[in-house]
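Beneath this line is the structure, given in structure tokens, with notes to follow.
Numbering (this note's numbering), first residue to last: 6 to 598.
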């Protein structure tokens, strides 16, 4: 971007796109390929990729060092070589004065740089922690590269191409292999669903809507396999919006989703200390940025249709507007309190689904969409959206060959979470459990005054849930699935022996659900203890950097790392006894001081 000129970029882009006019009889896939090819060509002309020079790498290592400061550092070194060795008192004093002034300027530049960085990451705790660690870490930064990987035959390989291909094969086939391990059932998912008479219509779009969608995208420099980042889309939104409107409308009218927008690039991020096993890596999917614009338009129409006809259950708290994890936790907590006030015993089962987004069956999802009114050409459009998807995995700058994805909703997409909500929307109808959803985390609870009757009812309803799971081709992670008993009388003996699909699930006194620890006595002691550990860590960070940063940076760090944890679900855990909450108040006083 060093010699990038916005005016010339827009002129060349307009000249390249003006004579190009796709034919009405041409295929949608070819039109999108041609558009992306032209856009890429203009970007490469005005902002080509190149290697960084040695000086630029030095500037990247210390990004607060501007080119002006770099020139001043060179002048200081030149003064040292020419004047300091001659032992002239006046020249030595001049050198020291120049050095002290430069040191102050470097310190101010560093403070301003980190202040802007902390302000940018104010709502992102992970990036705030990374910035603080980079600021005060004394050890060398640990590399995220995968140097070796265990192959399918059990041998280890250090070849980057073999690593990327092996990871790509594993990540693209995990959903199919898990789905094949699910026993079929005679019960169809249609048993739990009711078809509606209204039909969904995918209306066309216009340039104004596309400009609004592009404006709402996050300012990131990352891109998919097409190499087009959000930055260039925002710069050229006025030029490309009318053309994208024609392309999107043609795609929706034909019922075909373009193939070039269905190619994802996977970047593995290790979940544990050793990434040598494929399952220890979490896939981060990068789709073409143009696909996010198209999906935002589709998402708005599908979401409005579902909300207008009240098709989504009220127990969903994830991937929806005006809902959050805090509301989900409050709903569960209020229900537990209500049952205890009525003298009932509650059994809460917390289900964890294995690779839920990856194991979604496309045929079942399309049939469920049909039941919810997305029929005909619109259903064919979503069939085209889901099928014929490809992915490659990039490891250590080596990209693997492409693999076809045969099941699952697209990760990293805008439509993926909404499609998953539709897929699991009929679970509350499959049993008498009171169900609470947040994405793939599910909480099921049932209450009764008679404990023996409660255990019998819970087991019967669990069998119904298992039947629904098998009919929807979803599998349960038994290692992370547990249940908890909450009673009004603490002296009662409540040792259940519940099982899911023949596998006995463990009973626990407390469980972490949506980052909040709920205990069977509703005392919030485990949650307060966990919260204090996080707050103590923030106090330690503040103690280290208080002499370096100014008050503005300290306030930003406080609100990012302390206040955010303090406020999360405070409406629920604040009801604990004062003696339980007192350590939180002590830490609050400490960090403010």
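Where is the CB? At the ideal position from N, CA and C, for every residue including glycine. Just so we're clear, the structure is a prediction, and the values are computed from it rather than from any experiment.
Sequence-distant residues of its chain with Cβ nearer than 8 Å to residue 389 (five each side left out): 260, 261 and 262, listed in sequence order.
Burial state of residue 94, where buried means 16 or more other Cβ atoms lie within 10 Å: exposed
Chain-order list of residues whose beta-carbon lies under 6 Å from that of residue 268 (same chain, five-residue window excluded): 230 and 395
Whole-angstrom distance between residue 562 and residue 430, CA atom to CA atom: 40 Å
Unbroken stretches of the alpha helix (DSSP H), 4 residues or longer, contained in the region 184–263: 212–221, 235–240 and 242–259
Proximity to residue 330 [Cα-Cα], best of 190, 402, 520 and 241: Comparing Cα positions, the closest option is 520.
Neighbourhood of residue 119 by C-beta, 8 Å cutoff - its chain only, sequence neighbours within 5 removed: 69, 136, 140, 554 and 558
Cβ-based neighbour list, residue 208, same chain, cut-off 7 Å, excluding 5 preceding and 5 following: 306.
Beta strand (DSSP E) segments (min. 3 residues) lying fully within the region 472–511: 487–491
Rounded separation between residue 533 and residue 592 - CA only: 12 Å
Pairwise C-alpha distance: residue 365 and residue 286: 20 Å
Three or more C-beta pairs below 8 Å linking the region 487–495 and the region 520–531: The region 487–495, when compared against the region 520–531, does touch it at the 8 Å Cβ threshold.
Beta-carbon proximity list for residue 391, same chain, < 6 Å, skipping 5 on both sides: Short of 6 Å from the beta carbon of residue 391, and not among the five residues preceding or following it, lie these beta carbons of its own chain, in chain order: 367.
Local Cβ density within 10 Å of residue 299, reported as buried at 16 or more and exposed below that: buried
Which residues DSSP lists as bridging residue 99, in chain order: Residue 99 is not bridged to any residue.
Sub-8 Å separation of residue 183 and residue 360 beta-carbons: In this structure, residue 360 lies closer than 8 Å to residue 183 by Cβ.
Reduced DSSP category for residue 379 - H, G, I as helix; E, B as strand; rest coil: coil
Bounding residues of the alpha helix (DSSP H) (the contiguous stretch that carries residue 46): 33–51 is the span of the alpha helix (DSSP H), which, as asked, contains residue 46.
Proximal residues to residue 147 (C-beta, below 8 Å), its chain only, five neighbours per side dropped: Annotation note: pLDDT 44 at residue 147 (below 50); position unreliable, coordinate value reported separately. For residue 147, where only same-chain residues beyond five positions count, there are no Cβ hits under 8 Å.
Residue-level contact to chain D via CB, residue 569, 8 Å cutoff: In summary, chain D is missing from the structure at hand, where a single protein chain is found.
Cross-strand partners of residue 367 (DSSP beta bridge): Bridge partners of residue 367: none, in fact.
Option nearest residue 501 by Cα separation, candidates 511, 343 and 494: 511
Of the listed residues 217, 282 and 539, nearest to residue 158 (C-alpha basis): 282
Rounded separation between residue 145 and residue 138 - CA only: Unreliable placement is indicated for residue 145, whose pLDDT of 42 sits below 50; the coordinate value is still reported in the next sentence. Their backbone Cα atoms lie some 11 Å apart in a straight line.
DSSP state of residue 355 mapped onto helix, strand, coil: It is a strand residue.
Residues of its chain near residue 529, where Cβ-Cβ distance is below 7 Å and the 5 sequence neighbours each way are ignored: 578, 581 and 585
CB of residue 253 within 8 Å of CB of residue 302, strictly: yes
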